[in-house]
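Undergrad:
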Amino acid sequence: MRKPFFICSFFVLIALCLSQASTCLSADWPASWTAYTSLGSDLIDPMKGCGNSKDPSNGGAAVAPACIDVFNGCSKPTQLGLPSVYVYYDSSAEVLFFRMRMAGDPSETGGLAQYTWNAILDVDGDGWKEFIVELDGGSNVLNVYYGNTNQQEIKTESCSTDTDGRVYQESLELNTNVRVTFVGSAEGYFLDFQVPLSAFDNCSGTQILSTTSPYSLSFSTSATSQNLTQKDYVNSGDAYTMNDNTLMPGGDLYSPSGGTTQDPSVTRISHTCGEGANYSPITLNATTLDTFSLSGGSVVDTIDFVKFYYQLSGESGWTEIASVTTPDTNTVNSWSTDWDTSGLTTGTYNIKVEVQDDQGYSTTNTSYSINLSDCGSLLVELTTFVATPDLRSVLLAWETATEIDNAGFYLWRTDAEDAEYIRITDYLIPAEGGLTQGATYAYEDFDVVPGLTYYYQLEKGGIHLTQVQKRYLPEYIAFFPIFFAFHSKMANTL
2 MRKPFFICSF FVLIALCLSQ ASTCLSADWP ASWTAYTSLG SDLIDPMKGC
52 GNSKDPSNGG AAVAPACIDV FNGCSKPTQL GLPSVYVYYD SSAEVLFFRM
102 RMAGDPSETG GLAQYTWNAI LDVDGDGWKE FIVELDGGSN VLNVYYGNTN
152 QQEIKTESCS TDTDGRVYQE SLELNTNVRV TFVGSAEGYF LDFQVPLSAF
202 DNCSGTQILS TTSPYSLSFS TSATSQNLTQ KDYVNSGDAY TMNDNTLMPG
252 GDLYSPSGGT TQDPSVTRIS HTCGEGANYS PITLNATTLD TFSLSGGSVV
302 DTIDFVKFYY QLSGESGWTE IASVTTPDTN TVNSWSTDWD TSGLTTGTYN
352 IKVEVQDDQG YSTTNTSYSI NLSDCGSLLV ELTTFVATPD LRSVLLAWET
402 ATEIDNAGFY LWRTDAEDAE YIRITDYLIP AEGGLTQGAT YAYEDFDVVP
452 GLTYYYQLEK GGIHLTQVQK RYLPEYIAFF PIFFAFHSKM ANTL
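Counting with this note's numbering, you get residues 2 to 495 for the letters of the sequence shown.
#1: Check this for me: beta carbons of E460 and L383, under 9 Å apart or not?
#2: Can the beta-carbon of D358 be found less than 9 Å from the beta-carbon of N334?
#3: Per DSSP, S92 forms a beta bridge with which residues?
#4: Is the beta carbon of S299 sitting closer than 9 Å to the one on T349?
#5: In terms of alpha-carbon separation, which member of M103, S343 and V235 lies closest to G504?
#6: Check the DSSP bridge columns for I283 and list the partner residues they point to.
#7: With distances taken Cα to Cα, identify the nearest neighbour of R393 among G148, F293, P451 and W34.
#8: Please classify D165: does DSSP put it in a helix, a strand, or coil?
#9: Could you please give me the residues that DSSP links to Y116 through a beta bridge?
#10: At the level of alpha carbons, what is the spacing between T177 and G74?
#11: Between the alpha carbons of A114 and V142, how many angstroms are there, rounded?
#12: Expressed to the nearest angstrom, what Euclidean distance is found between the alpha-carbon atoms of Q212 and S258?
#13: Looking at V184 and C102, is the spacing between their C-beta atoms short of 9 Å?
#14: Taking 6 Å as the limit between beta carbons, can you name the residues of its chain near V124, skipping five residues before and five after?
#15: Given W319, which residues of its chain have a CB within under 6 Å of its CB, disregarding the five upstream and five downstream residues?
#16: Taking the straight line between their C-alpha atoms, what separation do you get for D202 and I209?
#17: Taking the CB atoms as reference points, tell me whether T242 and D253 lie closer together than 9 Å.
#18: Would you mind reading off the limits of the beta strand (DSSP E) that contains I304?
#19: Rounded to whole angstroms, how far is the Cβ of D70 from the Cβ of G105, which I believe are closer than 8 Å?
#20: Hey, out of T403, A388 and P431, whose CA is closest to F447's CA?
#21: By how many angstroms is the C-alpha of D127 removed from the C-alpha of F99?
#22: Buried or exposed for L453, please, with buried defined as at least 16 other CB atoms from any protein chain shown within 10 angstroms of its CB.
#23: Using C-beta distances below 6 Å, list every residue in its chain close to G41, excluding the 5 sequence neighbours before and after it, in chain order.
#24: Quick one: is the Cβ of L229 within less than 8 Å of any heavy atom of the ligand MN?
#25: Can you look up I425 in the DSSP assignment and give me helix, strand or coil?
#26: Taking the C-alpha atoms as reference points, what is the distance between E154 and D245?
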């Protein structure tokens with residue numbers, strides 16, 4: 002549960018209709034819909050009956066009643082195999098639409114039945130939800146929740162305007178922002194709902210979904226708004242039991258402007274300078290976004306390889322650095338390799354990342370470059386970096402004296418000194434300083450457990466700082482040290 006914010010920042014309205022459930026304007030319903038796919042095939046969710054003893058993808062509870070049983074058009078003795086979920090984007094209204102095919106009528110007098118229907122967005126490819134669009138029939142509201150933690154719980158973040166991480170809310174009105182259509186006894190009911198693209202906010206007033214942003218989708222139902230992983234989960238055939246602590250096998254990538262694609266995406270490239278000759282080895286990292294598959298009920302990546310190349314700026318041709326076939330430990334979307342730069346000429350090098358999945362689909366990203374001399378440059382002069390523990394969070398604050406070519410910062414954390422660091426800020430905290438002046442920043446980390454020791458890294462462009470500080474938490478007699486790794490000769494610089 003985390004939220005980025007800046008000291009002395011102005012209040013930001015997170016999204017329309019947030020402070021209280023109110024009626025928002027709706028867009029016209031689509032005349033046509035696009036079936037959502039996984040590995041290029043329509044998502045057709047199996048259900049009990051029609052050749053199945055039970056629904057093989059669920060949250061461990063019986064998928065009943067029919068109004069929360071996602072349907073595939075199966076009607077004995079005929080198996081129609083109709084798509085279970087659909088998406089659509091209205092570019093003029095800037096509204097996202099979702100459609101779920103249900104076995105029973107989700108509506109009741111005046112609104113929806115007292116269950117929840119959920120569209121779940123994974124925007125960084127790590128298998129954990131970032132956004133949940135929830136139709137809550139019990140409270141008669143449409144909610145959008147944000148949470149960037151390694152959990153599938155519906156309420157994991159704390160925003161300045163809502164401690165549950167709710168960044169958007171509006172009242173449900175049948176035939177306005179939600180509608181139910183009876184298609185036929187063999188086709189079931191369509192449950193349609195819509196939400197503005199501006200609602201997808203990261204708890205700090207920043208909209209992080211654009212029309213070109215790719216993301217993976219999952220759909221589920223539940224009997225309670227406290228648990229999105231309780232009843233049905235839409236998946237084509239393979240057995241899968243969802244819970245708060247397992248990855249979700251999201252489908253093909255979807256972007257509002259581009260629609261659905263099977264091509265993987267490289268969402269981020271970064272580097273960390275080494276301490277050898279010419280700052281060798283430089284560790285390169287690429288973050289990917291692609292469809293997942295299931296193996297024995299567990300989520301696995303579909304990436305075949307990630308290849309890294311370099312090219313001296315101004316020259317032609319690329320030199321392969323490495324082909325990586327296994328993701329980083331405890332991840333399904335992060336790929337790293339070490340690049341030996343000890344014999345290279347100092348200068349700017351373009352980095353190319355090529356990704357291919359096991360379906361043969363590929364993509365290439367050539368947007369990243371590294372100036373080897375920057376590894377030893379005083380790009381960011383850090384003057385302070387402190388942690389202030391509270392009863393339920395750790396406030397990280399840092400101040401810079403100067404910032405040169407700095408786009409912003411990321412924060413990383415681990416609970417063991419020798420363990421792998423996990424990035425806790427999914428999006429760049431924008432830089433506020435410049436060539437002649439610094440800035441003050443703060444970030445509140447809510448995803449901490451009293452009594453544990455935490456180590457933090459501050460990153461700018463993949464380059465890390467070196468400094469160790471400890472902070473005492475008297476309420477729990479626990480230490481929250483701050484640690485950042487960089488060259489020992491370049492302490493307090495980034």
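Think of the CB as a built atom: it goes at the ideal place given N, C-alpha and C, for glycine as much as any other residue.
TA: Answer, in terms of the structure:
#1: As a working mapping, residue 460 is identified with position 459 in the sequence shown. As a working mapping, residue 383 is identified with position 382 in the sequence shown. Contact flag unset, no.
#2: Here residue 358 refers to the residue found at position 357 when the sequence shown is read from its first residue. Here residue 334 refers to the residue found at position 333 when the sequence shown is read from its first residue. Their beta carbons are not under 9 Å apart, which means D358 does not touch N334 by this criterion.
#3: As a working mapping, residue 92 is identified with position 91 in the sequence shown. Bridge partners of S92: none, in fact.
#4: Numbered from 1 along the sequence shown, position 298 holds the residue referred to as residue 299. Numbered from 1 along the sequence shown, position 348 holds the residue referred to as residue 349. Cβ distance not < 9 Å, so S299 and T349 don't count as in contact.
#5: The first residue shown for the chain is 2 and the last is 495, placing residue 504 beyond what the model contains.
#6: Residue numbering aside, residue 283 sits at position 282 when the sequence shown is read from its first letter. BP columns for I283 point to W340.
#7: For this step, residue 393 is matched to residue 392 along the sequence shown. Among G148, F293, P451 and W34, the Cα nearest to that of R393 belongs to P451.
#8: Against the sequence shown, residue 165 aligns to sequence position 164. Reduced to three states, the DSSP call for D165 is coil.
#9: Locating residue 116 in the sequence shown gives position 115, counting from the first residue. DSSP, once it has assigned bridges, lists no residue as partnering Y116.
#10: The count along the sequence shown starts at 1 and reaches residue 177 at position 176. The count along the sequence shown starts at 1 and reaches residue 74 at position 73. Roughly 26 Å between the two C-alpha positions.
#11: Numbered from its first residue, the sequence shown carries residue 114 at position 113. Numbered from its first residue, the sequence shown carries residue 142 at position 141. Each residue's Cα considered, the two are about 12 Å apart.
#12: Position 211 of the sequence shown holds residue 212. Position 257 of the sequence shown holds residue 258. One point to set straight first is that residue 212 is Thr, not Gln, in the sequence displayed. T212 and S258: Cα-Cα distance of roughly 5 Å.
#13: Taking the sequence shown and counting its residues from 1, the one referred to as residue 102 is at position 101. Taking the sequence shown and counting its residues from 1, the one referred to as residue 184 is at position 183. The amino acid occupying residue 102 in the given sequence is Arg; Cys does not appear at that position. Yes, the pair counts as a contact, with Cβ atoms nearer than the cut-off.
#14: Locating residue 124 in the sequence shown gives position 123, where the first residue counts as 1. Cβ within range, chain order: E131 and Y216.
#15: If you number the sequence shown from 1, residue 319 lands on position 318. Once the five neighbours on either side are set aside, the close Cβ partners of W319 are Y310, Q312 and K353.
#16: Residue numbering aside, residue 202 sits at position 201 when the sequence shown is read from its first letter. Residue numbering aside, residue 209 sits at position 208 when the sequence shown is read from its first letter. Their Cα atoms are separated by approximately 6 Å.
#17: As a first step, residue 242 is located in the sequence shown; it is residue number 241 there, counting from the start. As a first step, residue 253 is located in the sequence shown; it is residue number 252 there, counting from the start. The answer is no: Cβ separation not under 9 Å.
#18: Locating residue 304 in the sequence shown gives position 303, counting from the first residue. Its beta strand (DSSP E) spans residues I304 to L313.
#19: The residue you call residue 70 lines up with position 69 of the sequence shown. The residue you call residue 105 lines up with position 104 of the sequence shown. Yes, D70 and G105 are in contact; Cβ-Cβ is about 7 Å, under 8 Å.
#20: As a first step, residue 447 is located in the sequence shown; it is residue number 446 there, counting from the start. When only C-alpha atoms are compared, the closest one is A388.
#21: The sequence position of residue 99 within the sequence shown is 98, counting from 1. The sequence position of residue 127 within the sequence shown is 126, counting from 1. Near 22 Å, if we compare the C-alpha coordinates of D127 and F99.
#22: Start at 1 with the first residue of the sequence shown, and residue 453 comes out as number 452. Counting Cβ neighbours within 10 Å, L453 comes out exposed, since fewer than 16 surround it.
#23: Position 40 of the sequence shown, counting from 1, holds the residue named residue 41. Within the same chain, G41 has close Cβ partners Q263.
#24: You won't find the ligand MN in this model; it holds no ligand whatsoever.
#25: As a first step, residue 425 is located in the sequence shown; it is residue number 424 there, counting from the start. Note: I425 maps to coil in three-state DSSP.
#26: Taking the first residue of the sequence shown as 1, we reach residue 154 at position 153. Taking the first residue of the sequence shown as 1, we reach residue 245 at position 244. Each residue's alpha carbon lies about 5 Å from the other.
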